[in-house]
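The structure appears below as structure tokens.
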Amino acid sequence: MKLVLVFLTAGLGLLSAGDYSGYYGGKYKGLWLEVSSEAAPPGGVAQVRITLTEPKPIIRTKLYLEFDEQVVEQIMSVGAYSENVEATGVATRRGNVLVVEAASPTGNLGKLPWYPIFSISVKLRDGLPAGTSSLFTIGANSEFYQPDGTPWTIESNKAGSVAVDGSLSIDDVFPGGGTIQPGEFVKVTGRGFTPQSQVAAYSAPGVANYAADALQVEYVSSTELHVTSGTPFSLDLRYLEVTNPDQSEKRFYTSLSGIDTSPSLFDNLSAAKPLFAPRTFDTAILPVSQLSPESGAFQGIALQNPSQDAIAVRLEVASPDGVGFASANATLLPREQLLKDMEEVFPGLALPAGTTLRIQSSAPVRLMGIAGDRNAGTIQPVIPSVPSSN
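Going by my numbering, the sequence shown opens with residue 561, and the numbers climb by one from there.
Structural data, given as structure tokens:
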């Protein structure tokens with residue numbers, strides 16, 4: 561059965577990018593954070609969202625989110641959202657705590673009104689009775705920073721929850737971003753879909769809109785829907801909403817998650833989830849340096865292929881004078897991502913001060929650097945730069 565999917569806009573569709581003067585208001589001097597309360601059937605996925613009561617510019621954050629492991633089995637995906645889709649980060653689970661370290665170089669994280677700053681998709685355990693729930697609480701040790709580097713004061717921190725309830729859930733939207741070309745389809749997986757399920761897609765305020773394009777939704781099964789279009793359309797800063805005939809509905813904010821076919825040999829990276837920004841590169845530079853094994857410090861790289869074709873990637877280590885002295889090649893399959901420690905890519909290689917890692921690819925890829933401390937259990941994103949054309 562074919563259904564029509566319509567792109568709509570959340571809030572006021574006439575806002576232009578960056579035109580939020582009427583929505584900051586200045587009512588709150590600090591941050592007012594709120595975690596949403598969501599539900600899913602046993603074994604299904606619930607997507608928790610973290611929002612700001614009033615938009616505020618955030619350049620960097622370290623978020624601690626606490627939950628009940630007896631209810632939550634797995635963290636499936638994490639998304640970060642910023643005004644110009646530049647926010648990037650890394651999420652790591654430590655028992656019953658999810659740690660998200662994210663950065664937005666221009667401070668645009670938190671500036672989208674009526675849109676989350678983070679989404680966290682969690683799989684609930686099978687066999688839980690209806691009504692079972694878990695609080696999701698932002699830890700008091702969480703940190704948020706203003707563009708000038710001073711910390712934000714958290715004035716309010718409202719906990720949310722996930723509960724076992726209902727029969728409908730959206731488990732994933734794949735791909736979770738990028739432009740979908742004619743002939744390609746978006747796969748929506750979940751539970752409780754029917755041939756009469758209605759689907760709509762909404763955009764963040766200030767993001768380029770789509771008219772009521774006749775995007776077709778094919779009912780595959782109670783666990784899968786396919787969405788296709790005769791023209792290209794973007795999934796960046798979108799959320800999908802599925803509504804069943806009984807008026808039950810679920811919302812899912814897209815996020816960029818890939819397929820990791822070769823997990824890192826290092827536990828700190830194999831457990832991490834990179835939060836890629838939609839921006840892509842075919843040439844980029846990352847700083848790297850010699851690290852003492854005793855210090856616990858490490859560095860790495862994360863790559864993701866956003867396309868439907870394989871992409872060849874070349875990694876080259878260059879001295880301060882720009883001369884390459886070591887290289888490695890990789891092929892990323894469609895939608896594949898790679899997260900590796902530099903020691904895995906270039907084992908035992910000495911890295912003089914001022915060394916850089918140059919990345920070149922046969923087609924644009926998403927990428928970021930990784931820096932962390934194994935002893936402290938920290939892991940942070942490193943924003944790549946584009947080499948000068950001179």
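Virtual Cβ for every residue (Gly too), placed ideally from N, Cα, C.
Do you know whose CA, among the options, lies nearest residue i's CA?
i: LEU591; options: ILE680, PHE704 and ASN668; result: PHE704
i: GLY884; options: VAL638, GLY856 and ILE919; result: ILE919
i: PRO665; options: GLY655, VAL650, ARG934 and SER642; result: SER642
i: GLY667; options: GLY639, PRO707 and TYR675; result: PRO707
i: TYR779; options: ALA764, GLY750 and SER794; result: GLY750
i: VAL595; options: ALA690, THR652 and SER694; result: SER694
i: THR840; options: ALA764, PHE826, PRO673 and ASP796; result: ASP796
i: PHE963; options: LEU899, PHE696, TYR588 and PHE793; result: The chain is shown only over 561 to 950; residue 963 falls outside these bounds and no answer can be derived.
i: GLY937; options: SER782, GLY790, VAL660 and ILE861; result: VAL660
i: ALA700; options: PRO847, GLU626 and THR648; result: GLU626
Give every residue of the same chain whose Cβ lies closer than 6 Å to the Cβ of residue i, excluding the five residues on either side of it in the sequence, and list them in chain order.
i: SER945; result: ILE845
i: GLY850; result: Reading off the sequence shown, one finds Gln at residue 850, where the question assumed Gly. Cβ neighbours of GLN850 beyond the five flanking positions: LEU911.
i: ASP842; result: SER921 and PRO924
i: PRO823; result: SER830
i: SER702; result: LEU623 and TYR624
i: SER782; result: PHE753
Taking the DSSP output, what are the residues bridged to residue i?
i: MET902; result: Note: MET902 sits in no beta bridge, so no partner.
i: TYR813; result: TYR799
i: ALA928; result: One detail in the question is off: residue 928 reads as Met in this sequence, not Ala. Answer is ALA862.
i: THR613; result: In the DSSP output, where bridge partners are listed per residue, THR613 has none listed.
i: ASP731; result: In DSSP, ASP731 forms no bridge with anything.
i: PRO742; result: Beta-bridge pairing links PRO742 to no other residue.
Quick check: what's the CA-CA separation for residue i versus residue j?
i: LEU909; j: GLN859; result: 13 Å
i: LEU875; j: ALA888; result: 5 Å
i: GLN940; j: GLU646; result: 15 Å
i: GLY914; j: LEU893; result: 32 Å
i: THR916; j: ALA886; result: 11 Å
i: ARG685; j: ARG811; result: 20 Å
i: LYS798; j: ILE610; result: Inspection of the sequence shows that residue 798 is occupied by Arg rather than by Lys. Taking the straight line joining both Cα atoms gives about 16 Å.
i: GLY818; j: LYS622; result: 23 Å
i: ASP628; j: VAL787; result: 34 Å
i: SER815; j: ALA837; result: 9 Å
i: GLN630; j: VAL657; result: 13 Å
i: GLU598; j: TRP712; result: 27 Å
i: ASN935; j: ALA857; result: 8 Å
i: LEU835; j: ALA640; result: 7 Å
i: VAL722; j: SER855; result: 39 Å
i: SER794; j: THR891; result: 25 Å
i: ARG895; j: VAL777; result: 22 Å
i: ILE933; j: THR821; result: Checking the sequence shown, residue 933 turns out to be Asp, not Ile. The straight-line gap from Cα to Cα measures roughly 25 Å.
Is residue i a contact residue of the ligand FMN, with contact defined as CB to any heavy atom under 7 Å?
i: VAL759; result: What this structure holds is no ligand at all, so the ligand FMN is not there to describe.
Excluding five sequence neighbours on each side, which residues of the same chain lie with their C-beta closer than 8 Å to the C-beta of residue i?
i: SER808; result: GLY726, SER727, LEU728 and GLY752
i: ILE730; result: VAL605, GLN607, VAL748, THR749, GLY750, LEU800, VAL802, LYS810, ARG811 and PHE812
Can you name, in chain order, every residue of its own chain whose Cβ lies under 7 Å from the Cβ of residue i, other than the five neighbours on each side?
i: ALA771; result: Here the model assigns ALA771 a pLDDT of 33, short of 50, so the residue's position is not dependable, and the following value carries that caveat. There are no such residues.
Exercise for the section: Examine the Cβ distances between the segment 675 to 689 and the segment 626 to 638 and report whether three or more of them are shorter than 8 Å. Expected result: yes
Handout entry: the segment 798 to 814 / the segment 824 to 842 touching (three or more Cβ pairs under 8 Å)
Key = no
Problem - Contact between the segment 606 to 617 and the segment 734 to 745 (3+ Cβ pairs under 8 Å) - result: no
Practice task
Check whether the segment 922 to 938 touches the segment 863 to 872, counting contact only when three or more Cβ pairs, one atom from each stretch, lie closer than 8 Å.
Solution key: yes
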